[in-house]
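**Student:** Its first residue numbered 0, the sequence shown is counted upward by one per residue in numbering that gives the first Met the number 0. Ideal Cβ positions, reconstructed from N, Cα and C, are used throughout, including at glycine.
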Amino acid sequence: MQIANGLEIEMFAAEPMVINPTNMSVDARGRVWICEAPNYDVAPDEADSLGNRITVLEDTDRDGKADKRTIFYNEPDLNK
0 MQIANGLEIE MFAAEPMVIN PTNMSVDARG RVWICEAPNY DVAPDEADSL GNRITVLEDT
60 DRDGKADKRT IFYNEPDLNK
């Protein structure tokens, strides 16, 4: 990864807070919305019965790291 001079990269969130992210977006409030596919490349006996989900990560103490995780949507129809 290459970044422009004067910029830095720091980790905002990692496993287990987010598992197998497939897409993300940041809203106007600075929350990070993540599409997760926890069952991708997982043995059937280890699969999450609800499957894919949308989670929202927030930095509530403003230290640059995610400290709050909310599952926004997690229903089997998301797997279609």
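For the beta strand (DSSP E) holding R28, just list the boundary residues, first then last.
**Tutor:** Taking the first residue of the sequence shown as 1, we reach residue 28 at position 29. Per DSSP, R28 belongs to no beta strand (DSSP E) and is neither H nor E.
**Student:** Out of N51, P37, G50, S24, state which residue places its alpha-carbon closest to the alpha-carbon of E57.
**Tutor:** Walking along the sequence shown from the start, residue 57 turns up at place 58. Per the Cα distances, S24.
**Student:** Tell me which residues share the same chain as I18 and place their Cβ nearer than 6 Å to its Cβ, disregarding the 5 neighbours each side in the sequence.
**Tutor:** Looking up residue 18 in the sequence shown gives position 19. Closer than 6 Å at the Cβ level, and outside the excluded window around I18, lie E35, P37.
**Student:** How many angstroms separate the CA atom of I33 from the CA atom of Q1?
**Tutor:** Within the sequence shown, residue 33 is the residue found at index 34, counting from 1. Within the sequence shown, residue 1 is the residue found at index 2, counting from 1. Each residue's alpha carbon lies about 23 Å from the other.
**Student:** Just to confirm the assignment, what range does the beta strand (DSSP E) spanning T59 have?
**Tutor:** Against the sequence shown, residue 59 aligns to sequence position 60. First-last for T59: undefined, no H or E at that position.
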